[in-house]
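Colleague:
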Amino acid sequence: MKITQCIYFLSVLILLSGCHINTVQNSTASKILSFKQINSQGQEAHPVYLPDNKGWLVVDAAQGLTWIDPEFTPISSWAGKVATIDWRSSVQQPELILIAALDNDTSTIHLLHYDFAQASFNELGSLHANESDIEGLCLGNTSDGLSLFSIDTLGVLQHHAIDIELIGNQFSASLQAIRSLNIGPNMSDCAVIDKTHQLLIAEEEIGIWQYDALSEGENERKLITFTTPGEVESISTHSSGYVFAASPGSDKIWAFDPNDDTNLLPARPDISLPSDVRLNSINIATNTAKLLLGGYDENKQQLYAVEIDWLAEEHNQGGLSNQQAQAHQTDFDTVETFYAVAETDSVQRFGDAADDPAIWINASQPDKSLIFGTDKKYGLNIYSLRGELVQTLPVGKINNIDIRQNILINGQYKDIAVASNRSNQSMTVFSINEFGVAKHLTDIPTDLNDVYGLCLYQHDGQLEVIINDTDGQFNRYQLAIDSSDISAKKIDYFRANSQPEGCVVDDDTKRLFFGEESTGVWKMQLDNINEQPVLIAKAHAPVKPDIEGMGIYSIDGEKFLVVSSQGNNRFAIYRIDADNELLGVFAISANKALGIDGVSETDGIEVVSVALGDRFPKGILVVQDGRNVMPMAPQNFKLVSGEYLYDFITLKIRQLAQ
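So this is what it looks like as structure tokens:
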């Protein structure tokens, strides 16, 4: 590399912020491989190794896509100006292979199916470029299902879900836009490690960027660099979790484990090429006992088939220990899946804005009940049970909100909502009329420095507010409301060891539950002013910090605490009337039939068990969605039928009784 390029390379690394950097150490050991020439014209050779079908997909920019058998004999072809492809087999039908082929002339991605019985390619669908040409693509087959990743000339990555249907005896494919990421220009290739849902993108002269390939994955990246950097032009992945990279300026193929942050795993030696070979593209068969690799040397305009006894070499080097092998695994443990049946309109802008929901129950028309959702950059948004925005109040940076109904004020029953307002460190009070229309009444100051979580407590004709600070301080206020004035009296305070947020009060039993984000769930009796909080549930697997929002669901008089386990995009259910036993965890996944994405990085939640019309006969669970995708949009709230909770809880209780 030139000196100026080295300076640029180092400068980029120094300036990178908000990302992790992992350096791949090159081994001095090397392997000399025997190459076989593939006597077909083309620029890419993709090995296909299935139990009943084996061969090669050869890409040629002029002639299109060709299927050749293991002896390199052409069998069938698909005409087109194909620039690059990727392929995956179907989990449900392993002998069905889906091919994504990029047309170099039209910048269209064609989804193809190769029919082994008929020896023919069939087109199932296509994706057309929008504002800029598509330059690269890769497929993934993760726990989300099949995904297509495409990269355009502006440096924007588009993520689409692929749904394959068999109608009669014909397959068809549909695409659903999931998200877009601005990854920057000069990206040369991409590949997905399916089992660890890692999306890898090669950037010329820099290295390889690692992203989460899941729809609800975090928008974070890690840079994998090399001790002898060069122009990374092609990458491919193996089912073992290893990644292979090639540069036309190098006489080696780099092999490395992207999860080896500490270099504790056995390092793979570089694969040395014959001295006169330089590969511009490489592709790996991902499920072979022997490593099968297709390569292309642009200078020689020659395709090669390469085979290496991969697993035997791992064994000869001592292999991976059980502990090391587990490092390759991802947290795919069995978890119950719920699905949202509706979602609210998005908040106004991208960013961390939507936070906490509360539910106002319309006693006369339960199906007309409303969702009060905070936008901590703006104010209060109110939605119908179908998710439409029906009212908005720009009252400031309100964070958490709670509602109590049928409060006796001056001889009349009123509904009241209170929210923590970070604009002025206050408690913002709203009245709610019989139609669910909210009115901002006042802001009551607190002595807290940074208000955060909030919940209400209604008892003996009194309404109390419990509000916390990011430093762990909790204040307890008693509200006094009449027709002309609203005031608050501080009657108690206590402290958590670290940052809290979500809380909920069971008015019937006078129990406060609150989350300490890094620690777990605490309980405190409110009818004894000297009561101290007790830790009832630690934040350890299958629950993962941060502990965020929480709500109480009832079945036949028994109470269950539902908690947001933000660290792994899940929700935990505790049996708070029976030794606080953890019943289980669930996730909220994409409802593809309704076009509603799953839920991730949830802050606030609310749940009620009363019937809210025919659509929600067992109540409703409302959760904030931190990453709103399918397609990508500002944050919103997802609505889940309480039937999921009811069925999950009753099943767990029956199982425990056996």
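The sequence shown runs -21 to -1, 1 to 637 under mature numbering (1 follows the signal peptide of the UniProt record, and there is no 0). Heads up, the beta-carbon is just placed ideally off N, CA and C, and yes, glycines get one too.
Which one or two residues does DSSP pair with residue 146 in a beta bridge?
Modeller: The residue given as residue 146 occupies position 167 in the sequence shown. BP columns for residue 146 point to 149.
Colleague: How about the region 484 to 496 and the region 578 to 587: do they share at least three Cβ pairs that are nearer than 8 angstroms?
Modeller: With a cut-off of 8 angstroms, the region 578 to 587 and the region 484 to 496 do not count as touching, because too few Cβ pairs lie within range.
Colleague: Given a cut-off of 8 angstroms, decide if residue 57 and residue 100 are closer than it, judged by their beta-carbon atoms.
Modeller: For the purposes of this step, residue 100 is identified with residue 121 of the sequence shown, where counting begins at 1. For the purposes of this step, residue 57 is identified with residue 78 of the sequence shown, where counting begins at 1. Yes, the pair counts as a contact, with Cβ atoms nearer than the cut-off.
Colleague: In chain order, what are the residue ranges of uninterrupted beta strand (DSSP E) at least 3 long that sit wholly in the region 414 to 496?
Modeller: Taking only runs of at least 3 residues, the beta strand (DSSP E) segments lying wholly in the region 414 to 496 are 417 to 424, 430 to 438, 441 to 448, 452 to 460, 465 to 474, 479 to 485 and 490 to 495.
Colleague: Taking the beta carbon of residue 128 as the centre, do at least 16 other beta carbons fall within 10 Å, making it buried, or is it exposed?
Modeller: If you number the sequence shown from 1, residue 128 lands on position 149. Under this definition residue 128 is a buried residue.
Colleague: Alpha carbon to alpha carbon, how far is residue 76 from residue 541? Give it in angstroms, no decimals.
Modeller: To locate residue 541, count along the sequence shown from 1; it is residue 562. To locate residue 76, count along the sequence shown from 1; it is residue 97. Cα to Cα, the separation comes out at about 41 angstroms.
Colleague: Leaving out five residues before and five after residue 348 in sequence, what residues of the same chain have Cβ atoms less than 7 angstroms from its Cβ?
Modeller: As a working note, residue 348 is residue 369 in the sequence shown. So the list reads 338, 339, 340, 341, 364 and 591, once near-sequence residues are dropped.
Colleague: Going by DSSP, what residue range makes up the beta strand (DSSP E) through residue 100?
Modeller: On the sequence shown, position 121 is the one that residue 100 refers to. From DSSP, the beta strand (DSSP E) with residue 100 extends over 99 to 107.
Colleague: Whole angstroms is fine: what's the gap from residue 504's alpha carbon to residue 484's?
Modeller: As a working note, residue 504 is residue 525 in the sequence shown. As a working note, residue 484 is residue 505 in the sequence shown. Roughly 10 angstroms separates the two Cα atoms.
Colleague: Mind the definition here: the region 209 to 225 touches the region 190 to 197 only if three or more C-beta pairs lie below 8 angstroms; say whether that holds.
Modeller: The region 209 to 225 vs the region 190 to 197: no contact.
Colleague: Using three-state DSSP, classify residue 641 as helix, strand or coil.
Modeller: No statement about residue 641 is possible, as the shown extent of the chain runs from -21 to 637 and does not include it.
Colleague: From what residue to what residue does the beta strand (DSSP E) around residue 22 run?
Modeller: The sequence position of residue 22 within the sequence shown is 43, counting from 1. Where residue 22 is concerned, there is no enclosing beta strand (DSSP E), given that its DSSP letter is neither H nor E.
Colleague: Going by alpha carbons, who is nearest to residue 521 out of 562, 361, 153 and 390?
Modeller: In the sequence shown, the residue the question calls residue 521 occupies position 542. Residue 562 is the option with its Cα nearest to residue 521.
Colleague: Going by the CB atoms, is the gap between residue 368 and residue 324 shorter than 8 angstroms?
Modeller: Taking the first residue of the sequence shown as position 1, residue 324 is located at position 345. Taking the first residue of the sequence shown as position 1, residue 368 is located at position 389. Against a cut-off of 8 angstroms, the Cβ pair of residue 368 and residue 324 comes out as a contact.
Colleague: Have a look at residue 132 and residue 169 and give me their C-alpha separation to the nearest angstrom.
Modeller: Along the sequence shown, read from residue 1 onward, the residue named residue 132 stands at position 153. Along the sequence shown, read from residue 1 onward, the residue named residue 169 stands at position 190. Cα to Cα, residue 132 sits roughly 14 angstroms from residue 169.
Colleague: Taking the beta carbon of residue 329 as the centre, do at least 16 other beta carbons fall within 10 Å, making it buried, or is it exposed?
Modeller: On the sequence shown, position 350 is the one that residue 329 refers to. Residue 329 comes out exposed.
Colleague: Report the rounded CA-to-CA distance for residue 642 versus residue 213, giving the unit in angstroms.
Modeller: It is not possible to answer for residue 642, since the shown part of the chain is limited to -21 through 637.
Colleague: Which complete beta strand (DSSP E) runs does the region 582 to 609 hold, if anything under 3 residues is left out?
Modeller: Counting only runs of 3 or more, we get 584 to 587 and 599 to 604.
Colleague: Can you check which of these residues, 19, 460, 429 and 457, is closest to residue 448 by C-alpha distance?
Modeller: The residue you call residue 448 lines up with position 469 of the sequence shown. The residue with the shortest Cα to Cα distance from residue 448 is 429.
Colleague: Residue 460 to residue 426, Cα distance in whole Å?
Modeller: Counted from its first residue, the sequence shown places residue 460 at position 481. Counted from its first residue, the sequence shown places residue 426 at position 447. Their backbone Cα atoms lie some 20 angstroms apart in a straight line.
Colleague: Under the three-state reduction of DSSP, which class applies to residue 538: helix, strand or coil?
Modeller: As a working mapping, residue 538 is identified with position 559 in the sequence shown. Three-state result, residue 538: strand.
Colleague: Between 362, 143, 29 and 373, which lies nearest to residue 124 when the distance is taken from Cα to Cα?
Modeller: Here residue 124 refers to the residue found at position 145 when the sequence shown is read from its first residue. Here the closest residue by C-alpha is 143.
Colleague: Indicate whether residue 252 and residue 152 have their beta-carbon atoms separated by less than 8 angstroms.
Modeller: As a position in the sequence shown, residue 252 is number 273, starting the count at 1. As a position in the sequence shown, residue 152 is number 173, starting the count at 1. Cβ distance not < 8 angstroms, so residue 252 and residue 152 don't count as in contact.
Colleague: Looking at residue 601 and residue 345, is the spacing between their C-beta atoms short of 8 angstroms?
Modeller: The residue labelled residue 345 in the question sits at position 366 within the sequence shown. The residue labelled residue 601 in the question sits at position 622 within the sequence shown. Result no, Cβ atoms of residue 345 and residue 601 do not sit closer than 8 angstroms.
Colleague: Are the Cβ atoms of residue 548 and residue 578 separated by less than 8 angstroms?
Modeller: Reading the sequence shown from its first residue, position 569 is the one you call residue 548. Reading the sequence shown from its first residue, position 599 is the one you call residue 578. Against a cut-off of 8 angstroms, the Cβ pair of residue 578 and residue 548 comes out as a contact.
Colleague: So if DSSP puts residue 565 in a beta bridge, which residue, or which two residues, is it bridged to?
Modeller: What you label residue 565 is simply residue 586 of the sequence shown in a count that begins at 1. Paired residue(s): 315 and 550.
Colleague: Near residue 635, which residues of its chain fall below 6 angstroms by C-beta distance, leaving aside the five closest residues on each side in sequence?
Modeller: In the sequence shown, the residue the question calls residue 635 occupies position 656. Within the same chain, residue 635 has no close Cβ partners at all.
Colleague: Determine the direct distance from the alpha carbon of residue 440 to that of residue 388, and round the result to whole angstroms.
Modeller: In the sequence shown, the residue the question calls residue 388 occupies position 409. In the sequence shown, the residue the question calls residue 440 occupies position 461. Whole-angstrom Cα-Cα distance: 9 angstroms.
Colleague: Taking the alpha carbon of residue 52 as the reference point, which residue from 61, 33, 66 and 59 has its own alpha carbon closest?
Modeller: On the sequence shown, residue 52 is found 73 positions in, with the first residue counted as 1. Closest by alpha carbon: 33.
Colleague: List the whole-angstrom C-beta distance separating residue 468 from residue 457, where the pair is believed to meet the contact cut-off of C-beta under 8 angstroms.
Modeller: Mapped onto the sequence shown, residue 468 falls at position 489. Mapped onto the sequence shown, residue 457 falls at position 478. Yes, residue 468 and residue 457 are in contact; Cβ-Cβ is about 5 angstroms, under 8 angstroms.
Colleague: Enumerate in chain order the residues of its own chain whose CB-to-CB distance from residue 55 is below 6 angstroms, with the five nearest sequence positions on each side excluded.
Modeller: On the sequence shown, position 76 is the one that residue 55 refers to. Excluding sequence neighbours, residue 55 sits near 46, 98 and 99.
Colleague: What did DSSP end up calling residue 329 once you bin it into helix, strand or coil?
Modeller: By one-based count along the sequence shown, residue 329 stands at place 350. Here residue 329 sits in coil by DSSP.
Colleague: Give every residue of the same chain whose Cβ lies closer than 8 angstroms to the Cβ of residue 465, excluding the five residues on either side of it in the sequence, and list them in chain order.
Modeller: Counting from one through the sequence shown, the residue named residue 465 turns up at place 486. Within the same chain, residue 465 has close Cβ partners 408, 420, 421, 423, 458 and 459.
Colleague: Tell me whether the beta-carbon of residue 538 lies closer than 8 angstroms to the beta-carbon of residue 558.
Modeller: As a working note, residue 538 is residue 559 in the sequence shown. As a working note, residue 558 is residue 579 in the sequence shown. No, they are not a contact pair.
Colleague: In the structure shown, what three-state DSSP assignment does residue 114 receive?
Modeller: As a working note, residue 114 is residue 135 in the sequence shown. In the structure shown, residue 114 sits in a strand (DSSP, three-state: E or B).
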